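J.: Numbering (my numbering), first residue to last: 256 to 620.
Using N, Cα and C, we set each Cβ at its ideal position, and we do this for glycine too.
Computed from a predicted model, the values in this text were never measured in an experiment.
The structure follows.
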Amino acid sequence: MKTNNSENRDRNIPFSKGKELIDRLAQEHSLTREEWTALIRGRTPELAEYLFEKARAVRIRHYGHDIYIRGLIEFTNYCRNDCYYCGIRKSNRNAVRYRLTKEQILSCCSKGYRLGFRTFVLQGGEDGWYTPERMTDIIAEIHASWPDCAITLSIGELSRAEYLQYFEAGADRFLLRHETFDADHYSRLHPPGLTAAHRQKCLWNLKEIGYQVGTGFMVGSPYQTAENLADDMLFLRKLNPHMVGIGPFIPHHDTPFAGKPAGTAELTLFMLGLIRLMIPRVLLPATTALGTILPDGRERGILAGANVVMPNLSPEQVRGNYLLYDNKLCTGDEAAESLQSLSRRMEAIGYRIAVSRGDSLNTDF
Ligand code: SAH
256 MKTNNSENRD RNIPFSKGKE LIDRLAQEHS LTREEWTALI RGRTPELAEY LFEKARAVRI
316 RHYGHDIYIR GLIEFTNYCR NDCYYCGIRK SNRNAVRYRL TKEQILSCCS KGYRLGFRTF
376 VLQGGEDGWY TPERMTDIIA EIHASWPDCA ITLSIGELSR AEYLQYFEAG ADRFLLRHET
436 FDADHYSRLH PPGLTAAHRQ KCLWNLKEIG YQVGTGFMVG SPYQTAENLA DDMLFLRKLN
496 PHMVGIGPFI PHHDTPFAGK PAGTAELTLF MLGLIRLMIP RVLLPATTAL GTILPDGRER
556 GILAGANVVM PNLSPEQVRG NYLLYDNKLC TGDEAAESLQ SLSRRMEAIG YRIAVSRGDS
616 LNTDF
């Protein structure tokens with residue numbers, strides 16, 4: 256697979272200069288746009304090792320060796336949007352579409368609870384079939400049935416009123432990646448009508464309502480530069496989210512970006528380390544996309560500062576159809592049923608899976 260490092264690599268910075276930036280980041284939790292750009296573009300394997308050691312220490316200081324797990328329920332792959340990178344975009348006629356009933360979703364939760372999950376993430380395309388009434392009913396029933404669990408939604412851009420209604424029905428958290436901060440870059444990844452400004456406005460609304468908010472971006476998405484990533488870091492600093500999900504862009508064969516190079520695990524891991532130092536108490540997942548491009552991506556993510564994994568809890572018969580990108584993992588240790596095996600892998604690197612809601616310690620509500 257072709258890969259995109261987001262920049263050309265002949266601008267390495269000297270180790271001493273990079274170390275100075277990383278040390279200052281660890282102390283002051285911020286850098287300027289120019290410093291971010293220089294550090295990201297000029298990174299070297301030696302600097303990455305230095306960064307990961309610091310990021311691990313910070314992660315252990317706040318979260319010990321615990322790994323929080325979330326049960327991911329991909330409840331619909333119908334989507335009204337047409338994002339150029341995404342395999343479930345509405346123009347993809349080859350996608351095998353499905354949506355889960357309330358009963359199916361509840362049975363995923365029930366199974367997940369037995370396995371030890373205390374957070375359920377409902378993720379899907381923007382699917383109008385789930386009207387506010389239906390969605391509220393689903394959320395309220397999960398909330399009533401498993402009051403000790405957190406409910407996370409990841410269902411895209413909605414009105415402030417809908418976000419509020421779901422929050423009042425019992426949703427605690429919301430994941431909405433900003434994808435890329437820069438308006439021009441955003442417009443190269445999305446059709447007209449979808450804007451960076453609106454996506455960011457949604458995030459501010461979610462925060463104001465009181466959700467624990469997760470945002471994030473794809474690493475190595477087409478046309479991305481080191482400056483774009485610098486802007487992403489500055490945006491994260493400003494939003495100060497409870498969680499940040501990042502993963503490499505991976506092409507999907509039935510999208511306009513089919514021929515674009517994938518992002519790298521190397522840059523994704525470097526960005527994970529930087530985020531851990533910038534927002535020490537943030538929840539940071541080692542994502543499925545990272546696990547997809549690197550066999551030991553989960554472990555490497557944890558060792559770069561991540562502290563969350565999100566195994567797949569969707570019904571087995573639909574799992575293979577939530578294809579955001581090619582070769583997306585959904586079996587093996589990616590499956591919620593394989594928690595024991597995932598647990599062993601985490602223990603092998605000195606960490607342990609926690610049975611808890613795993614709330615963020617970044618308590619800036
Ligand atoms: N509809 C919801 C959920 C989107 S899918 C929403 O709008 O938030 C979750 C995430 O998968 C996206 O935010 C995007 O960052 C990521 N994703 C989509 N296509 C991808 C691809 N081809 N490669 C890597 N990540 C992708």
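What is the DSSP secondary structure of residue 438, reduced to helix, strand or coil?
T.: Here residue 438 sits in helix by DSSP.
J.: Assess, as a yes-or-no matter, whether the segment 324 to 334 is touched by the segment 564 to 577 under the definition of 3 or more beta carbon pairs within less than 8 Å.
T.: With a cut-off of 8 Å, the segment 324 to 334 and the segment 564 to 577 count as touching, because enough Cβ pairs lie within range.
J.: Tell me, please, which residues DSSP counts as bridged to residue 213.
T.: The shown model of the chain, from 256 to 620, leaves out residue 213, and the question about it has no answer.
J.: Note down, in chain order, each residue of its chain lying with its Cβ closer than 7 Å to the Cβ of residue 382, except the 5 sequence neighbours on either side.
T.: Answer for residue 382: 331, 333, 334, 354, listed in chain order.
J.: Among all the DSSP beta bridges, which residues are the ones paired with residue 568?
T.: Bridge partners of residue 568: none, in fact.
J.: Compare the Cα-Cα distances from residue 459 to each of 442, 448, 490, 551 and report the closest residue.
T.: Nearest C-alpha to residue 459: 490.
J.: Starting from residue 430 and walking both ways along the beta strand (DSSP E), at which residues does that stretch end?
T.: 428 to 430 is the span of the beta strand (DSSP E), which, as asked, contains residue 430.
J.: Based on Cα-Cα distance, which residue from 348, 369, 425, 324 lies nearest to residue 390?
T.: Out of 348, 369, 425, 324, 425 has the C-alpha closest to the C-alpha of residue 390.
J.: Have a look at residue 524 and residue 435 and give me their C-alpha separation to the nearest angstrom.
T.: Between residue 524 and residue 435, the C-alpha separation is close to 17 Å.
J.: Just verifying my parser: in three-state terms, what is the DSSP assignment at residue 354?
T.: In this structure, residue 354 counts as strand in the three-state DSSP scheme.
J.: Run the CB neighbour count on residue 618, radius 10 Å, all protein chains shown included, and call it buried at 16 or more, exposed below.
T.: Exposed, by the Cβ-count rule.
J.: Could you have a look at residue 513 and say whether DSSP puts it in helix, strand or coil?
T.: If DSSP states are grouped into helix, strand and coil, residue 513 belongs with coil.
J.: Could you have a look at residue 420 and say whether DSSP puts it in helix, strand or coil?
T.: Looking at residue 420 - three-state DSSP - the assignment turns out to be helix.
J.: Can you determine whether any heavy atom of the ligand SAH sits closer than 7 Å to the C-beta of residue 208, and answer yes or no?
T.: This structure cannot speak to residue 208, because the chain is shown only from 256 to 620.
J.: Taking contact to mean 3 or more Cβ pairs, one atom from each stretch, closer than 8 Å, check whether the segment 515 to 535 and the segment 552 to 559 are in contact.
T.: Counting Cβ pairs under 8 Å, three or more are found: they touch.
J.: Apart from the five residues just before and just after residue 206, which ones in its own chain have a Cβ nearer than 7 Å to its Cβ?
T.: This structure leaves residue 206 out entirely; the chain is present only between 256 and 620.
J.: Please name the residue in 522, 363, 287 whose C-alpha comes closest to that of residue 573.
T.: With distances taken between Cα atoms, residue 573 lies closest to 363.
J.: Looking at residue 473 and the ligand SAH, is the gap between the Cβ and the nearest heavy atom below 7 Å?
T.: Yes, Cβ of residue 473 sits closer than 7 Å to a heavy atom of the ligand SAH.
J.: What are the boundary residues of the beta strand (DSSP E) that includes residue 592?
T.: Taken as a continuous stretch (DSSP letters only), residue 592 belongs to no beta strand (DSSP E), as it is neither H nor E.
J.: Give a yes or no on whether the C-beta atoms belonging to residue 562 and residue 314 are separated by under 8 Å.
T.: In this structure, residue 314 lies closer than 8 Å to residue 562 by Cβ.
J.: Contact between the segment 440 to 447 and the segment 472 to 490: three or more CB pairs below 8 Å?
T.: The segment 440 to 447, when compared against the segment 472 to 490, does touch it at the 8 Å Cβ threshold.
J.: Taking the straight line between their C-alpha atoms, what separation do you get for residue 293 and residue 324?
T.: Those two C-alpha atoms are separated by around 34 Å.
J.: Taking C-beta to C-beta, are residue 503 and residue 519 nearer than 8 Å?
T.: Yes, the pair counts as a contact, with Cβ atoms nearer than the cut-off.
J.: Using a Cβ-Cβ cut-off of 7 Å (strictly less than) and excluding sequence neighbours within five positions of residue 305, which residues of its own chain qualify?
T.: These residues qualify, in order along the chain: 274, 277.
J.: Taking 7 Å as the limit between beta carbons, can you name the residues of its chain near residue 548, skipping five residues before and five after?
T.: Within the same chain, residue 548 has close Cβ partners 503, 505, 517, 520.
J.: Would you check whether the ligand FMN has a heavy atom nearer than 7 Å to the C-beta of residue 513?
T.: Questions concerning the ligand FMN fall outside what the structure shown contains, since the ligands it does hold are the ligand SAH.
J.: For the segment 459 to 519, list the alpha helix (DSSP H) runs that are entirely contained and at least 4 residues long, ordered along the chain.
T.: Counting only runs of 4 or more, we get 481 to 494.
J.: Can you tell me the Cβ-Cβ gap for residue 533 and residue 498, rounded? I've got them flagged as a contact below 8 Å.
T.: Not really, about 14 Å apart at Cβ, beyond 8 Å.
J.: Going by DSSP, name the residue or residues bridged to residue 607.
T.: 321.
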